[in-house]
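Student: Residue numbers (the numbering used here), protein chains in the order written: chain A, 106 to 301; chain B, 106 to 301; chain C, 106 to 301; chain D, 106 to 301. Don't be surprised by glycine CBs; every beta carbon is placed ideally from N, CA and C. Please read all numbers here as calculations on a predicted model, not as lab measurements. So that we are looking at the same thing, I have put the structure below in structure tokens.
Number of protein chains: 4
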Amino acid sequence: MSKTRLEAFSDGVIAILITIMVLELKVPHGADWGALAPLFPVFTAYVLSFVYLGIYWNNHHHMLHAAARVDGRVLWANLHLLFWLSLIPFATAWMGENHFAPLPTALYGAILLLAAIAYYVLARAIIAGEGPGSRLAAAFGRDWKGKASIGLYAAAIPLAFVREWIADLIYAGVALLWLVPDPRIEARLGGGRGGT
Amino acid sequence: MSKTRLEAFSDGVIAILITIMVLELKVPHGADWGALAPLFPVFTAYVLSFVYLGIYWNNHHHMLHAAARVDGRVLWANLHLLFWLSLIPFATAWMGENHFAPLPTALYGAILLLAAIAYYVLARAIIAGEGPGSRLAAAFGRDWKGKASIGLYAAAIPLAFVREWIADLIYAGVALLWLVPDPRIEARLGGGRGGT
Amino acid sequence: MSKTRLEAFSDGVIAILITIMVLELKVPHGADWGALAPLFPVFTAYVLSFVYLGIYWNNHHHMLHAAARVDGRVLWANLHLLFWLSLIPFATAWMGENHFAPLPTALYGAILLLAAIAYYVLARAIIAGEGPGSRLAAAFGRDWKGKASIGLYAAAIPLAFVREWIADLIYAGVALLWLVPDPRIEARLGGGRGGT
Amino acid sequence: MSKTRLEAFSDGVIAILITIMVLELKVPHGADWGALAPLFPVFTAYVLSFVYLGIYWNNHHHMLHAAARVDGRVLWANLHLLFWLSLIPFATAWMGENHFAPLPTALYGAILLLAAIAYYVLARAIIAGEGPGSRLAAAFGRDWKGKASIGLYAAAIPLAFVREWIADLIYAGVALLWLVPDPRIEARLGGGRGGT
């Protein structure tokens with residue numbers, strides 16, 4: 106019951122974030138290609154952030170699905186994650202409207218970094234409630250993907266000031282890394298479910 | 106369980122899209138008919154898009170209701186559909202504020218086309234999970250309505266540059282085509298349900 | 106199942122409408138009472154519309170709770186109601202920002218009228234699905250409150266051009282009329298539930 | 106059933122409020138630190154309000170979870186709470202954009218005070234439905250924390266005009282007081298659940 110409401114609230118927040126981002130695609134005044142062209146970087150940033158929020162929703166979905174119960178610590182770890190995700194529309198718009206300038210690109214990476222850390226903390230909080238021998242703990246294992254993402258974001262932030270496109274490549278690369286649903290959890294829990 | 110959350114998330118996104126569109130009806134400064142009149146094309150475009158989003162929600166509802174289970178592929182096909190739907194408020198506002206000028210009208214058609222293709226892909230992804238002999242596969246059948254919509258949208262895009270009102274007529278016509286709940290699914294599944 | 110999703114979607118739309126109205130309370134630039142004062146009519150209109158949307162949510166909640174099933178006709182009657190409700194934030198802001206001028210006040214009444222008619226149509230669509238001998242049909246009975254509201258709104262629209270405050274009084278009065286949960290439904294269904 | 110929809114609607118409203126606040130973080134035009142700096146007070150106010158809305162969601166969650174049933178009185182007490190919470194984004198933006206000037210800071214406190222009173226009224230309405238001997242009534246007990254918050258907010262409002270930072274300290278202090286999930290309810294109900 107408790108878990109249902111946590112999922113519903115998180116779904117609500119992520120659904121709103123993913124849609125209010127589109128409000129930054131300001132409707133241009135002209136009706137020709139020239140009016141549409143300046144929106145291209147904002148649109149590109151929107152696509153990237155849409156994919157990221159989709160990935161977070163997807164992974165959140167799988168993780169909560171595998172969790173048996175949630176406690177107060179999980180509720181707050183979840184709100185902490187939602188806080189950083191809530192800044193993605195701002196960072197997206199700032200980066201897009203400034204044509205991927207160094208500082209906005211670095212800030213975008215910083216928000217992704219803090220969201221990734223918050224996700225890691227949330228995963229630990231859920232696993233702590235499940236016990237070290239739980240399926241979810243086994244499914245997460247050493248979590249190389251989460252750790253690699255955190256390392257890559259941390260590297261992208263200073264690199265945004267050297268060559269901005271390297272940071273962009275990193276953001277796009279990490280997104281690709283996560284686009285496939287987590288095989289660790291799918292495999293183990295899928296097998297577990299199949300065996301039940 | 107998994108399906109419930111997919112439905113809830115999709116409902117959330119569509120509910121937000123359908124309501125943020127109304128924010129483009131900018132409150133006029135004057136308090137007379139003259140102040141209200143310029144909003145008429147924006148309002149017309151709002152009505153059309155409200156109906157389209159209602160149709161998508163309705164059909165999505167029926168299709169998911171008929172699906173027995175969802176997997177990672179369906180989750181992403183669903184996000185892909187939501188992405189194109191999320192651009193409808195932008196396209197609506199741009200078309201409305203420019204009094205249905207050719208390029209905005211063509212862009213509106215392009216978004217509808219991409220959303221229709223995404224819906225088709227989602228339907229295929231769900232049917233692939235259900236198996237070719239499933240009730241849903243039978244209910245969809247040859248899907249002439251989905252294919253006809255795709256063809257009509259594709260025709261409307263160039264026609265918007267010839268005679269803009271032809272494109273509008275096509276958009277309104279396709280909406281009318283879908284306004285009735287899909288008899289294929291209703292009939293077959295309704296019968297199936299009645300027989301159970 | 107179907108009913109759950111209809112409720113969830115309606116809740117989502119009403120929740121969003123009730124909250125985006127607050128975006129019309131534009132943050133003033135100064136930090137003194139003089140900066141706050143011009144917001145007073147907008148705030149008053151906000152309170153009225155918040156109460157109206159609360160009433161609709163509340164009655165919608167009771168009516169759907171009493172309904173055994175929903176069909177395609179109910180889905181569309183529900184979307185039709187949501188369409189008119191979606192225009193409440195616009196009408197509220199226009200009325201508030203123009204200090205309850207005649208035309209915006211009349212338009213506000215027109216939206217309330219159309220929403221009330223849409224609610225009536227929705228109730229009929231649900232009752233049609235339940236059958237004339239259903240508890241819901243009995244609970245609605247002659248529906249004097251719904252019909253009185255429609256009559257009062259229809260009277261308020263021309264009166265807004267004569268004496269604007271008469272229309273305001275009518276809107277506030279109808280809201281008071283509905284503020285108490287519908288005793289017809291509560292009594293009959295409450296008794297029915299107690300007897301089960 | 107009824108409770109589920111009340112929770113879903115409240116979740117929806119709180120989720121939207123928590124996310125539309127971020128729209129007040131207006132995207133700056135420049136791409137350097139100088140463009141970002143003026144957003145700092147708005148961001149600080151955003152963090153405070155995010156925490157407050159998180160606390161309300163969290164406590165609301167626990168309280169409703171413990172409630173066995175809801176009636177019309179609870180529905181309206183809940184809408185009353187949501188009304189005051191809906192003004193938090195406005196008060197947050199006004200306070201943040203005016204760098205915590207006295208009047209906006211006092212208004213922020215007034216909104217917190219009215220929300221706290223509304224929460225108290227909601228708790229009483231739920232307990233009235235549960236009966237005086239219920240677990241929830243026992244769990245709330247003398248409710249020193251709720252009463253202390255109300256007293257502190259009432260004190261902060263005049264203090265904002267004397268030394269504005271004292272009011273800020275009080276708001277932050279009350280938030281810290283509530284950040285831990287309510288041990289009264291957790292302990293009693295947790296034990297009760299364990300014993301069942």
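Using three-state DSSP, classify R229(B) as helix, strand or coil.
Tutor: Residue state, collapsed to three classes: helix.
Student: Cα separation between L281(D) and I119(A)?
Tutor: Straight-line Cα distance between these residues: approximately 26 Å.
Student: Using the beta-carbon count (16 or more within 10 Å), is W189(C) buried or exposed?
Tutor: W189(C) comes out buried.
Student: Using only the alpha-carbon positions, how far apart do L219(B) and D137(D) sit?
Tutor: Cα to Cα, the separation comes out at about 37 Å.
Student: Tell me which same chain residues have a C-beta within less than 7 Å of the C-beta of T301(C), skipping the five on either side of it?
Tutor: Note that T301(C) scores a pLDDT of 27, beneath 50, so its modelled location is shaky and nothing firm can be said.
Student: To the nearest angstrom, how far is the alpha carbon of L241(C) from that of E235(C)?
Tutor: Going by the C-alpha atoms only, they are around 8 Å apart.
Student: Using only the alpha-carbon positions, how far apart do G139(C) and Y161(A) sit?
Tutor: Rounded to the nearest angstrom, the two C-alpha atoms are 45 Å apart.
Student: Classify R110(D) as buried or exposed, calling it buried when 16 or more other Cβ atoms lie within 10 Å of its own Cβ.
Tutor: That one is buried.
Student: Which whole runs of the alpha helix (DSSP H) in the stretch 163-238 of chain C are 4 residues long or more, in chain order?
Tutor: Runs found: 177-191, 193-202, 207-235.
Student: Assess contact between the stretch 193-206 of chain B and the stretch 164-178 of chain B, defined as three or more Cβ pairs (one per stretch) separated by less than 8 Å. Is contact present?
Tutor: The stretch 193-206 of chain B is not in contact with the stretch 164-178 of chain B.
Student: Does the distance from the C-beta atom of A221(D) to that of Y276(D) stay below 8 Å?
Tutor: Their beta carbons are not under 8 Å apart, which means A221(D) does not touch Y276(D) by this criterion.
Student: So with Cβ pairs under 8 Å, would you call A261(B) a contact of chain A?
Tutor: No, A261(B) does not count as interfacial toward chain A.
Student: Leaving out the 5 sequence neighbours to the left and right, which residues in its chain are closer than 8 Å to P133(A) when beta-carbon positions are compared?
Tutor: Cβ within range, chain order: A140, L141, P143, L144.
Student: Does the ligand NAP have even one heavy atom less than 7 Å from the beta-carbon of Y258(B)?
Tutor: With respect to the ligand NAP, the structure offers nothing, as it holds no ligand at all.
Student: Using 8 Å as the threshold, is the C-beta distance between M168(B) and A253(B) below it?
Tutor: Contact: no.
Student: Check each residue of the stretch 106-123 of chain D: if its Cβ is closer than 7 Å to any Cβ of chain C, include it; give the result in chain order.
Tutor: Those residues of the stretch 106-123 of chain D that come within reach of chain C (Cβ to Cβ, closer than 7 Å) are M106, S107, R110, A113, F114, G117, V118, I121, L122.
Student: Assuming the contact rule is C-beta atoms closer than 8 Å, T124(D) and S191(A) should be a hit. Round their C-beta distance to whole Å, please.
Tutor: With 8 Å as the limit, T124(D) and S191(A) qualify as a contact, their Cβ atoms being about 6 Å apart.
Student: Flag N163(C) as yes if its beta-carbon sits less than 8 Å from any beta-carbon of chain D, otherwise no.
Tutor: Output row for N163(C): interface = yes.
Student: CB-CB under 7 Å to G297(B), same chain, minus the five flanking residues each way: which ones, in chain order?
Tutor: Model confidence at G297(B) stands at a pLDDT of 34, short of 50, so the residue's coordinates are unreliable and nothing is read from them.
Student: Only counting the same chain, and skipping five residues up and downstream in sequence, which positions put a Cβ closer than 7 Å to that of G295(C)?
Tutor: For G295(C), the predicted structure reports a pLDDT of 46, less than 50, and the residue's modelled location is therefore unreliable. A value from the coordinates is still provided. Within the same chain, G295(C) has no close Cβ partners at all.
Student: Starting from the Cα of A182(D), find the closest Cα among Y225(D), G159(D), P146(D), I216(D) and give me that residue.
Tutor: That would be Y225(D), whose Cα lies nearest to the Cα of A182(D).
Student: Would you tell me roughly how many angstroms separate the C-alpha atoms of A244(B) and L130(A), rounded to the nearest one?
Tutor: Taking the straight line from one Cα to the other gives about 38 Å.
Student: Sorted by chain position, which residues of the same chain lie with C-beta nearer than 8 Å to D116(A)'s C-beta, five sequence neighbours on each side aside?
Tutor: So the list reads W162, once near-sequence residues are dropped.
Student: Is V132(B) helix, strand or coil when you go by DSSP?
Tutor: Three-state DSSP puts V132(B) in coil, outside helix and strand.
Student: Is the shortest distance between the beta-carbon of I125(D) and the beta-carbons of chain C less than 8 Å?
Tutor: Interface residue, yes.
Student: Taking Cβ to Cβ, would you say A211(C) is nearer than 8 Å to A272(C)?
Tutor: The answer is yes: Cβ separation under 8 Å.
Student: Just to confirm, are I121(D) and I121(C) a CB contact at a threshold of 8 Å?
Tutor: Taking 8 Å as the Cβ cut-off, I121(D) and I121(C) qualify as a contacting pair.
Student: Near F155(D), which residues of its chain fall below 8 Å by C-beta distance, leaving aside the five closest residues on each side in sequence?
Tutor: Answer for F155(D): I123, M126, listed in chain order.
Student: Along the stretch 148-161 of chain A, where does the CB come closer than 7 Å to a CB of chain B? Name the residues.
Tutor: Listed by position, the residues of the stretch 148-161 of chain A near chain B (Cβ gap below 7 Å) are F155, G159.
Student: Can you tell me the Cα-Cα spacing of V267(D) and L158(D), whole angstroms?
Tutor: When rounded, the distance between both Cα atoms is 27 Å.
Student: Going by the CB atoms, is the gap between A215(D) and H185(D) shorter than 8 Å?
Tutor: It is not a contact, given that the beta carbons lie outside the stated cut-off.
Student: Take A261(C) and list the residues in its own chain whose beta-carbon comes closer than 6 Å to its own, dropping the five residues that flank it on each side.
Tutor: G214, A272, I275, listed in sequence order.
Student: Is the Cβ-Cβ distance between V279(C) and G201(C) less than 8 Å?
Tutor: Taking 8 Å as the Cβ cut-off, V279(C) and G201(C) do not qualify as a contacting pair.
Student: Report yes or no: is there a C-beta of chain D within less than 8 Å of the C-beta of S62(A)?
Tutor: Past the boundaries of the shown model lies residue 62(A); chain A is included only from 106 to 301, so the question cannot be answered.
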